[in-house]
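There are 2 protein chains.
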Amino acid sequence: MRAPAELTAMFRASGLKVTPQRQLLFRLMHENKSHPTAESLFSVASHHMPGISLRTVYQTLTDLSSMGELRLIDVGSGAARFDPNLDDHHHLVCQSCGDVRDIYVSGSGQLDVNELDGFAVDTTTILFHGLCTPCRVTQKVSSTVAKPLVGISKSNTSSKNITNPKERMS
Amino acid sequence: MRAPAELTAMFRASGLKVTPQRQLLFRLMHENKSHPTAESLFSVASHHMPGISLRTVYQTLTDLSSMGELRLIDVGSGAARFDPNLDDHHHLVCQSCGDVRDIYVSGSGQLDVNELDGFAVDTTTILFHGLCTPCRVTQKVSSTVAKPLVGISKSNTSSKNITNPKERMS
DNA sequence: TTGCTATTTAGCAGGTCTTGCGAAGAAAGA
DNA sequence: TCTTTCTTCGCAAGACCTGCTAAATAGCAA
């Protein structure tokens, strides 16, 4: 994602207005490595600008995505996440804490795919699900209690209920 | 996913009851290659058994997933999809019609990942987004009108609004 | 077959995430 | 400063999914 000043110029050049809300969001997203959801970005933005609307955050994130300045990523945790990193990269998703990290994968463009059969591939998305180091350590300690895997449990332990996705923003 | 008769035995062995609703869903999902959502499976099921509840479809799909008989896939189109194919495979997602197809990828287990940095990978999911053959043909015909890419459009053209995911069930 | 009991179903309410809409407000050019 | 056009806010509503509970029923035992 471009720097706030460039985005400002781009927006104006496109006939779009540059409001304080947008400028704040430009700043908060620029080089943000936390893959925030609209909601979590909203809570940070609210701290800087009380009264800003969640609607505006969604709007601006969607606009930036349409302009190709933000990548929208869906790691299956319910809410969409936004990534200002436009490099060709993929993601590591912690199944325990929900944290998302960028990861660079060599040769993903030349994956050996059988029977493409006329399908024209545009983009390839790779998600590595697993455990981040902090969670692995925690898990190891309580490993005797872990994984009631067998049998059917009614309680939903799906990734949708991940607690407290970490935000690392200023 | 196992055959209906085996699932029936498994369910009973686990103390779960085998209802007509479940048997129908076993049959509809067994070797189903359409990657249905709960909703679309519900509409097919309703045809065979009017009055069946969407709640029951969700319940049964969730149960089968917990038992490892179904894989839950999220292609970012809003609703979760269910896949009875338990082979190690990935998915092709048509950005135009939303169709999902299984695809086998060689060597995805040994992707060259830089800086894993302590992260323990459990599963890898690969999504190839692009255009299926039918959609590519259609797109080509109307290619002069296609892709208003530049500028910001307020209208949402995201993958969430894909029309009419094809169902290929009996 | 009948009766019993734990499980399941149906249906609706409610939760989460996201978008549509319109009145009020504000950016930016004249 | 004025005017036009775009934006913001806030709420309503839509899509998807789960929690809850009364009523129904599978499956076992007699």
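Chains as they are written, first to last, in the numbering used here: chain A, 89 to 258; chain B, 89 to 258. Just so it is clear, CB atoms sit at the ideal spot from N, CA and C, and this is done for glycine as well. Just so we're clear, the structure is a prediction, and the values are computed from it rather than from any experiment.
Cβ neighbours of residue i in the same chain (closer than 6 Å, five flanking residues each side left out)
i, result
"aspartate 190 of chain A", "Asn173, His177"
"isoleucine 161 of chain A", "Arg169, Asp171"
"leucine 142 of chain B", "Phe130"
"threonine 125 of chain A", "Ala167, Arg169"
"arginine 110 of chain B", "Thr148"
"leucine 113 of chain A", "Thr148"
Within chain A, partners of residue i - CB distance below 9 Å
i, result
"valine 193 of chain B", "Leu199, Asp200, Val201, Asn202"
Residue i (DSSP reduced to helix, strand or coil)
i, result
"arginine 189 of chain A", "strand"
"serine 196 of chain B", "helix"
"threonine 125 of chain A", "strand"
"threonine 148 of chain B", "helix"
"glutamate 119 of chain A", "coil"
"leucine 142 of chain A", "helix"
"lysine 105 of chain B", "coil"
"serine 165 of chain B", "coil"
"methionine 137 of chain B", "coil"
"methionine 89 of chain B", "coil"
Bridge-paired residues (DSSP) for residue i
i, result
"arginine 159 of chain A", "A:Asp171"
"histidine 217 of chain A", "A:Val181, B:Thr211"
"valine 201 of chain A", "B:Val193"
Neighbourhood of residue i by C-beta distance below 8 Å, restricted to the same chain and skipping five residues each side
i, result
"threonine 226 of chain A", "Ser184"
"leucine 199 of chain A", "Thr212"
"proline 108 of chain A", "Met137"
"serine 153 of chain A", "Arg159, Leu160, Phe170"
"glycine 218 of chain A", "Leu180, Val181, Cys182, Gln183"
"isoleucine 140 of chain A", "Gln109, Leu112, Phe130, Ala133, Ser134"
Partners in chain B for residue i, counting only beta-carbon separations shorter than 7 Å
i, result
"arginine 224 of chain A", "Ala208"
"threonine 221 of chain A", "Gly206, Phe207"
Partner residues on chain B for residue i, Cβ-Cβ distance less than 8 Å
i, result
"threonine 96 of chain A", "Result: empty, since nearest Cβ-Cβ is about 14 Å, beyond 8 Å."
"aspartate 171 of chain A", "The premise fails here: aspartate 171 of chain A is roughly 14 Å from chain B at the closest Cβ pair, so nothing lies under 8 Å."
Per-residue contacts from residue i into chain A (C-beta, under 8 Å)
i, result
"serine 141 of chain B", "Simply none; closest approach about 17 Å."
Proximal residues of chain B, C-beta to C-beta of residue i below 9 Å
i, result
"leucine 215 of chain A", "Thr211, Thr212, Thr213, Ile214, Leu215"
Contacts around residue i, its chain only, beta-carbon distance under 7 Å, and the 5 residues preceding and following it disregarded
i, result
"histidine 118 of chain A", "Met89, Ala91, Pro92, Pro172"
"valine 106 of chain A", "Thr96, Phe99, Arg100"
"arginine 115 of chain B", "Pro92"
Review point. In chain order, what residues of the region 175–187 of chain A put their CB closer than 9 Å to some CB of chain B?
Key: His178, Leu180, Cys182, Gln183
Exercise for review: Mind checking the region 101–135 of chain A against chain B and listing, in chain order, the residues whose C-beta falls within less than 7 Å of any C-beta there?
Suggested key: Ser102, Leu104
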